[in-house]
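Participant:
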Amino acid sequence: MNLWRREYFWPAVLIVFGVYLLLSNLHLLTWLRGDLIWPLALIGLGVWLILRRTRA
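Here the sequence shown stands for residues 9 to 64, where the numbers follow the numbering used here.
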């Protein structure tokens, strides 16, 4: 069973994003800078999309 099927991917992204915002609001992620997260997330998403296309 593939855990990264389309019906699981976006809910998982929303959950991770919500947990990040919650921990950030509670000041538990002071070491994790938000201005570095977004570019890394976009780069990771792009790499994942490219790898997904090359495998299919």
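The beta-carbon is built from N, C-alpha and C at its ideal position, and this holds for glycine as well. Note that the coordinates shown come from a computational prediction; the quantities given were computed from them, not determined experimentally.
(1) With DSSP as the reference, label residue 38 as helix, strand or coil.
(2) Of all the options 42, 63 and 49, which has the alpha carbon lying nearest to the alpha carbon of residue 21?
(3) Would you tell me roughly how many angstroms separate the C-alpha atoms of residue 110 and residue 57, rounded to the nearest one?
(4) Determine the direct distance from the alpha carbon of residue 24 to that of residue 36, and round the result to whole angstroms.
Facilitator: Straight from the coordinates:
(1) Here residue 38 sits in coil by DSSP.
(2) Comparing Cα-Cα distances from residue 21 to each of 42, 63 and 49, the minimum goes to 49.
(3) Residue 110 is absent from the structure shown; the chain starts at 9 and stops at 64.
(4) So the two alpha carbons sit approximately 15 angstroms from each other.
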